[in-house]
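> Protein sequences appear in the order of chains B and Z.
With our numbering applied, the first sequence corresponds to residues 1 to 421, in that order.
With our numbering applied, the second sequence corresponds to residues 1 to 421, in that order.
2 protein chains.
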Amino acid sequence: MTERRGVSRRSLLGAAGVGALAAGAAGGYAVAATRDEPVAPDPDAVPVAFEGRHQAGILTPAQDRLHFVVLDVTTESRDELVSLLKEWTQAARRLTQGNEVGVYGAVAGTPLAPPEDTGEALGLPASGLTLTIGFGPSLFERDGKARFGLDGRRPDELVDLPAFSGDRLDPALTGGDIAIQACANDPQVAVHAVRNLVRIAFGRASVRYSQLGFGRTSSTSAAQVTPRNLFGFKDGTANVKSEDRDVDDVVWVQGSDGPDWLVGGSYLVARRIDMRIETWDREPLAGQEAIIGRAKGSGGPLSGGDEHAAIDLAAKGADGEPAIPTLSHVRMAHPDSNGGAKILRRGYNFVNGTDGLGQLAAGLFFISFQRSPAQFVRIQRTLAGSTNDALNEYIVHRSSGLFACPPGLGAKGFWGEGLLG
Amino acid sequence: MTERRGVSRRSLLGAAGVGALAAGAAGGYAVAATRDEPVAPDPDAVPVAFEGRHQAGILTPAQDRLHFVVLDVTTESRDELVSLLKEWTQAARRLTQGNEVGVYGAVAGTPLAPPEDTGEALGLPASGLTLTIGFGPSLFERDGKARFGLDGRRPDELVDLPAFSGDRLDPALTGGDIAIQACANDPQVAVHAVRNLVRIAFGRASVRYSQLGFGRTSSTSAAQVTPRNLFGFKDGTANVKSEDRDVDDVVWVQGSDGPDWLVGGSYLVARRIDMRIETWDREPLAGQEAIIGRAKGSGGPLSGGDEHAAIDLAAKGADGEPAIPTLSHVRMAHPDSNGGAKILRRGYNFVNGTDGLGQLAAGLFFISFQRSPAQFVRIQRTLAGSTNDALNEYIVHRSSGLFACPPGLGAKGFWGEGLLG
Numbered sequence: 001m002t003e004r005r006g007v008s009r010r011s012l013l014g015a016a017g018v019g020a021l022a023a024g025a026a027g028g029y030a031v032a033a034t035r036d037e038p039v040a041p042d043p044d045a046v047p048v049a050f051e052g053r054h055q056a057g058i059l060t061p062a063q064d065r066l067h068f069v070v071l072d073v074t075t076e077s078r079d080e081l082v083s084l085l086k087e088w089t090q091a092a093r094r095l096t097q098g099n100e101v102g103v104y105g106a107v108a109g110t111p112l113a114p115p116e117d118t119g120e121a122l123g124l125p126a127s128g129l130t131l132t133i134g135f136g137p138s139l140f141e142r143d144g145k146a147r148f149g150l151d152g153r154r155p156d157e158l159v160d161l162p163a164f165s166g167d168r169l170d171p172a173l174t175g176g177d178i179a180i181q182a183c184a185n186d187p188q189v190a191v192h193a194v195r196n197l198v199r200i201a202f203g204r205a206s207v208r209y210s211q212l213g214f215g216r217t218s219s220t221s222a223a224q225v226t227p228r229n230l231f232g233f234k235d236g237t238a239n240v241k242s243e244d245r246d247v248d249d250v251v252w253v254q255g256s257d258g259p260d261w262l263v264g265g266s267y268l269v270a271r272r273i274d275m276r277i278e279t280w281d282r283e284p285l286a287g288q289e290a291i292i293g294r295a296k297g298s299g300g301p302l303s304g305g306d307e308h309a310a311i312d313l314a315a316k317g318a319d320g321e322p323a324i325p326t327l328s329h330v331r332m333a334h335p336d337s338n339g340g341a342k343i344l345r346r347g348y349n350f351v352n353g354t355d356g357l358g359q360l361a362a363g364l365f366f367i368s369f370q371r372s373p374a375q376f377v378r379i380q381r382t383l384a385g386s387t388n389d390a391l392n393e394y395i396v397h398r399s400s401g402l403f404a405c406p407p408g409l410g411a412k413g414f415w416g417e418g419l420l421g
Numbered sequence: 001m002t003e004r005r006g007v008s009r010r011s012l013l014g015a016a017g018v019g020a021l022a023a024g025a026a027g028g029y030a031v032a033a034t035r036d037e038p039v040a041p042d043p044d045a046v047p048v049a050f051e052g053r054h055q056a057g058i059l060t061p062a063q064d065r066l067h068f069v070v071l072d073v074t075t076e077s078r079d080e081l082v083s084l085l086k087e088w089t090q091a092a093r094r095l096t097q098g099n100e101v102g103v104y105g106a107v108a109g110t111p112l113a114p115p116e117d118t119g120e121a122l123g124l125p126a127s128g129l130t131l132t133i134g135f136g137p138s139l140f141e142r143d144g145k146a147r148f149g150l151d152g153r154r155p156d157e158l159v160d161l162p163a164f165s166g167d168r169l170d171p172a173l174t175g176g177d178i179a180i181q182a183c184a185n186d187p188q189v190a191v192h193a194v195r196n197l198v199r200i201a202f203g204r205a206s207v208r209y210s211q212l213g214f215g216r217t218s219s220t221s222a223a224q225v226t227p228r229n230l231f232g233f234k235d236g237t238a239n240v241k242s243e244d245r246d247v248d249d250v251v252w253v254q255g256s257d258g259p260d261w262l263v264g265g266s267y268l269v270a271r272r273i274d275m276r277i278e279t280w281d282r283e284p285l286a287g288q289e290a291i292i293g294r295a296k297g298s299g300g301p302l303s304g305g306d307e308h309a310a311i312d313l314a315a316k317g318a319d320g321e322p323a324i325p326t327l328s329h330v331r332m333a334h335p336d337s338n339g340g341a342k343i344l345r346r347g348y349n350f351v352n353g354t355d356g357l358g359q360l361a362a363g364l365f366f367i368s369f370q371r372s373p374a375q376f377v378r379i380q381r382t383l384a385g386s387t388n389d390a391l392n393e394y395i396v397h398r399s400s401g402l403f404a405c406p407p408g409l410g411a412k413g414f415w416g417e418g419l420l421g
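Below, the structure is given as structure tokens:
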């Protein structure tokens with residue numbers, strides 16, 4: 001709907017381009033600098049701030065759509081990496097505020113040069129776009145050798161995640177030097193941002209993989225309606241929310257954790273979780289609810305109450321068995337089953353065509369943010385293995401990545417400045 | 001945004017499910033029959049009519065998101081095919097009106113049976129969902145033998161599209177027995193519909209391929225804002241619109257065309273067109289505009305005027321050359337270059353991960369509707385071949401399908417009743 005309601009974010013030159021081209025006049029293009037004023041209070045026209053103590057896109061209320069990209073740096077020159085990060089930051093400042101990349105955008109400048117922006121978001125509002133960057137272990141070293149002069153700068157915790165029981169990881173979808181998470185309420189805006197960042201990277205970094213998510217599966221604010229995953233269940237009811245008192249402790253790297261360049265940042269885990277939806281769909285309703293530990297309709301825990309009722313792991317059913325079954329997902333993932341460990345989830349539903357066996361290739365692109373990877377590892381170790389989480393019969397983890405997301409920045413900083421500046 | 005503004009379309013049983021399960025009472029589930037009344041005039045809460053002289057999803061103003069699926073019928077039993085089409089129709093009636101599949105939906109009925117609906121659209125409005133079905137040549141005959149007793153029922157024009165110069169078709173993405181186009185403003189609603197139709201088909205039809213489209217690239221109503229494709233250009237400005245005087249003549253099979261079962265229907269062409277976006281992005285602005293024949297900013301034709309100005313193929317620039325270049329896309333695709341042939345386009349932008357060469361796998365999933373496949377063939381023959389449409393350097397056709405979409409139906413009909421009833 002955004003497109004139709006959209007407040008134009010850019011002043012289009014319109015017929016100026018036509019005239020210039022028809023006349024063959026290279027100097028006929030002007031810089032598009034002014035911007036239209038919003039004519040209606042469209043929430044998508046109000047950009048999310050790019051600057052701040054933390055990067056946006058983590059505690060920001062989860063937007064509806066995702067484009068996630070992982071890149072490998074193809075240059076080994078520190079200078080080129082720094083230039084890339086500076087150019088990306090400059091572009092991200094503009095993109096997140098609803099502007100095109102570069103001074104001249106897609107329709108101004110000289111007609112004899114390629115446009116600075118690819119143009120497919122012309123006329124669309126900012127749409128809540130956030131761009132969040134993270135650095136993988138392989139950015140710091142490869143084959144035991146430091147890269148980019150980053151000897152000793154890798155956080156001890158920034159190593160490939162351990163193998164979990166049941167993992168079936170595709171190497172092409174695992175690891176990677178740099179991750180960029182683009183979230184927006186209009187997918188065209190998220191795709192446009194990633195596409196332009198990839199373009200800027202040409203000759204310095206290339207796409208390892210990219211994943212679109214069509215629907216969010218978590219809320220990160222208490223003000224949001226809880227969405228549903230492709231098992232048909234409300235997902236993220238008990239997720240950490242930006243309003244929680246302990247949210248800083250769960251999400252942000254603290255001064256006592258170090259390293260300095262990462263304080264105020266967070267660790268990002270990304271895992272593509274394929275769902276065996278055809279098998280799931282044959283499970284009786286009561287079975288599905290027992291596997292999840294919640295009612296499918298209301299989302300309320302099987303221990304009773306509505307969606308937001310506290311989970312009572314001790315409650316018993318009329319048969320004397322635990323109301324929330326021993327192997328149910330909410331029990332296994334609960335902080336009480338994991339030494340208090342919590343993570344902020346920010347995943348998305350996806351469908352990637354067909355599985356080649358006559359079914360849809362569907363699943364959940366899992367993203368979480370946490371102060372330490374140990375939080376995720378603790379919970380995933382509990383969940384993994386066919387003898388634990390009952391959900392494992394219906395899911396397969398196909399990709400894995402861990403990235404250290406630096407803190408936010410001010411008006412003059414660049415992504416990774418604390419590390420490479 | 002839909003999710004947050006959404007008017008609940010279904011009366012959720014909420015805690016009823018919990019109580020029934022906790023008590024182990026199989027009879028504790030009730031039928032969810034009542035529906036919430038809309039509390040605000042949300043356009044997405046008003047469903048698109050399923051019944052009518054024509055199928056919806058053709059002239060319906062193009063919705064924002066697409067899930068397109070092509071299936072192969074795996075049974076050779078006519079009775080099973082008819083049953084499938086009847087069950088699909090029943091499901092489509094409910095889904096398009098914002099209801100779940102089946103009488104019991106996803107949370108009512110007996111907890112000892114699998115839910116009739118998969119549940120991920122619970123709480124979401126109808127979101128403009130349309131479901132449009134078409135039958136491919138291979139439904140009628142395979143290896144020279146008629147299937148399902150359909151001897152002599154295949155329209156003469158329903159044959160595989162001819163090979164076009166430059167085609168690089170993937171056999172797995174080409175052909176197919178049945179196509180279903182799901183369009184909605186919320187992608188979760190479109191995916192939910194396709195997923196449930198695929199589920200219903202189990203044992204009778206399986207998925208050949210499926211494609212999501214994140215953003216429409218055509219308008220089909222004069223009331224719509226023209227969207228942009230991934231070349232950054234407005235697309236579909238000169239598309240046939242539902243308000244056009246000749247729209248019936250362009251889109252619908254007429255009584256004089258036959259066969260009878262297809263009168264009031266239309267032919268659907270689907271082609272996945274991959275874009276070489278990295279190459280395109282290096283083309284100067286003037287070059288891009290000359291290849292398309294329009295200004296990138298305004299969308300106005302290079303012969304002058306704003307986006308909706310008539311294209312003047314005879315106009316000359318200051319240099320005496322045609323203002324709209326000889327090989328430009330708008331010139332080659334123009335009815336005047338194709339004996340008056342027109343088609344109704346209804347395509348979508350897509351990104352399918354990575355091309356494996358460090359770039360995004362991006363393109364346009366082309367869909368068009370026309371009274372006769374000859375209209376598409378006429379235009380595509382003009383466009384195809386590297387010596388014709390200048391755009392061919394930047395695109396590759398990777399899939400192809402032709403499907404005959406039956407007319408609309410009334411309160412009691414089923415999809416394909418005129419053919420198989």
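Note that the Cβ used here is the ideal one computed from N, Cα and C, for glycine as well.
Treat the numbers as computed from the prediction; the structure is a model and nothing was measured.
Name, going along the chain, the residues of the segment 195 to 213 of chain Z whose beta-carbon falls closer than 8 Å to a beta-carbon of chain B.
Arg195, Val198, Arg199, Phe202, Ser206, Val207, Arg208, Tyr209, Ser210, Gln211 and Leu212
> Please look up how many angstroms separate the CB atoms of glycine 166 of chain B and glycine 356 of chain B, rounded, as I've assumed it's under 8 Å.
Between glycine 356 of chain B and glycine 166 of chain B the Cβ distance is about 21 Å, and since that is not below 8 Å, they are no contact.
> Does arginine 398 of chain B come within less than 8 Å of chain C when only Cβ atoms are used?
Note that chain C does not occur in the displayed structure, where the protein chains are B and Z.
> Tell me whether asparagine 349 of chain B sits in a helix, a strand or coil according to DSSP, three-state version.
The answer is strand: DSSP assigns asparagine 349 of chain B an E or B state.
> Could you check where the beta strand (DSSP E) with glutamine 63 of chain B kicks off and where it finishes?
Where glutamine 63 of chain B is concerned, there is no enclosing beta strand (DSSP E), given that its DSSP letter is neither H nor E.
> Can we say the segment 42 to 52 of chain B touches the segment 310 to 327 of chain B, given the rule of at least three CB pairs closer than 8 Å?
no
> Using a beta-carbon distance below 8 Å, is valine 73 of chain Z in contact with chain B?
no
> Quick check: the segment 362 to 376 of chain B against the segment 334 to 354 of chain B, are at least 3 beta-carbon pairs closer than 8 Å?
yes
> Expressed to the nearest angstrom, what Euclidean distance is found between the alpha-carbon atoms of alanine 341 of chain Z and valine 269 of chain Z?
Distance between the alpha carbons of alanine 341 of chain Z and valine 269 of chain Z is about 15 Å.
> Go through the segment 42 to 99 of chain Z residue by residue and report every complete run of the beta strand (DSSP E) that reaches 3 residues or more, in order.
Within the segment 42 to 99 of chain Z, the complete beta strand (DSSP E) runs of at least 3 residues are 65 to 73.
> Hey, out of B:Gly215, B:Gly123, B:Gly119 and B:Val101, whose CA is closest to phenylalanine 184 of chain B's CA?
As written in the sequence, residue 184 of chain B is alanine, which differs from the phenylalanine given in the question. Nearest to alanine 184 of chain B by C-alpha distance, out of B:Gly215, B:Gly123, B:Gly119 and B:Val101, is B:Gly215.
> Can you tell me which of B:Glu417, B:Thr237 and B:Met275 puts its alpha carbon nearest to the alpha carbon of valine 396 of chain B?
The residue with the shortest Cα to Cα distance from valine 396 of chain B is B:Met275.
> Output the distance between the C-alpha atoms of glycine 205 of chain B and valine 250 of chain B, rounded to the nearest integer angstrom.
A small correction: the amino acid at residue 205 of chain B is alanine; glycine does not occupy that position in the sequence shown. Their Cα atoms are separated by approximately 32 Å.
> List the residues of chain Z that aspartate 281 of chain B touches, going by C-beta distances under 7 Å, in chain order.
Pro114, Thr118 and Arg199
> Among the candidates B:Gly305, B:Lys86 and B:Leu139, whose CA atom is the shortest distance from the CA of serine 158 of chain B?
One detail in the question is off: residue 158 of chain B reads as leucine in this sequence, not serine. Closest by alpha carbon: B:Leu139.
> For phenylalanine 369 of chain Z, list the residues DSSP reports as bridge partners.
Z:Leu268 and Z:Leu344
> Kindly indicate which residue of Z:Asp72, Z:Val48 and Z:Glu289 has the alpha-carbon position closest to the one of glutamine 359 of chain B.
Looking at the Cα atoms, Z:Asp72 is the closest of the given residues.
> Could you tell me whether the Cβ of arginine 271 of chain B comes closer than 8 Å to any Cβ of chain Z?
No, arginine 271 of chain B lies away from the interface with chain Z (no Cβ there is under 8 Å from its Cβ).
> Asparagine 352 of chain B touches chain Z at which residues, Cβ-Cβ below 8 Å?
Contacts between asparagine 352 of chain B and chain Z, judged by CB atoms closer than 8 Å, involve Asn352 and Gly353 in chain order.
> Pull up the distance between the alpha-carbon of glycine 416 of chain B and that of phenylalanine 148 of chain B, whole angstroms please.
13 Å
> Cβ of glycine 407 of chain Z within 8 Å of Cβ of arginine 153 of chain Z?
Before going further, note that residue 407 of chain Z is proline rather than glycine in the sequence given. No; because the gap between Cβ atoms is not below 8 Å, this pair is not in contact.
> Enumerated in chain order, which unbroken segments of the beta strand (DSSP E) with a length of 3 residues or greater are wholly contained in the segment 257 to 317 of chain Z?
266 to 275
> Let me check one thing: in DSSP terms, what residues is threonine 483 of chain B bridge-paired to?
Here chain B comprises residues numbered 1 to 421, so residue 483 of chain B is not present and cannot be evaluated.
> From the DSSP output, which residues share a beta bridge with leucine 364 of chain B?
B:Ile273 and B:Asn349
> Where does aspartate 177 of chain B land, buried or exposed, given buried means 16+ other C-beta within 10 angstroms?
buried
> Starting from valine 207 of chain B, trace the alpha helix (DSSP H) in both directions and tell me its first and last residue.
That residue, valine 207 of chain B, is in no alpha helix (DSSP H); its beta strand (DSSP E) goes 205 to 213.
> By the DSSP assignment, the beta strand (DSSP E) with valine 250 of chain B in it spans what residues?
Note, valine 250 of chain B: premise wrong, no beta strand (DSSP E); alpha helix (DSSP H) at 247 to 251.
> Determine which residues share a DSSP beta bridge with valine 396 of chain Z and list them.
Z:Asp274
> Is alanine 310 of chain Z near the ligand FAD, in the sense that its beta carbon is under 7 Å from a heavy atom of that ligand?
Here there are no bound small molecules, and the ligand FAD is not part of this structure.
> Could you say which of B:Arg398, B:Arg331, B:His334 and B:Leu327 lies nearest to alanine 361 of chain B if we only look at CA atoms?
B:Arg398
> Taking a cut of 8 Å between CB atoms, which residues from the segment 222 to 243 of chain Z lie near chain B?
Gln224, Val225, Pro227, Arg228, Asn229, Leu230, Phe231, Gly232 and Phe233
> At which residues does the alpha helix (DSSP H) containing glycine 418 of chain B begin and terminate?
417 to 420
> Can you name the residues of chain B whose CB is closer than 9 Å to the CB of leucine 122 of chain Z?
Arg228, Gly232, Lys234, Lys296 and Gly297
> Can you list the residues of chain B that asparagine 349 of chain Z reaches, using a CB-CB cut of under 8 Å?
Glu120, Gln188 and Val191
> Mind pulling the chain Z residues with CB within less than 7 Å of alanine 106 of chain B?
Annotation: Cβ neighbours of alanine 106 of chain B in chain Z (cutoff 7 Å, chain order): Gly232 and Lys296.
> Going along the chain, which residues of its own chain have a beta-carbon closer than 7 Å to the beta-carbon of glutamate 87 of chain B, five neighbours each way excluded?
Ile200
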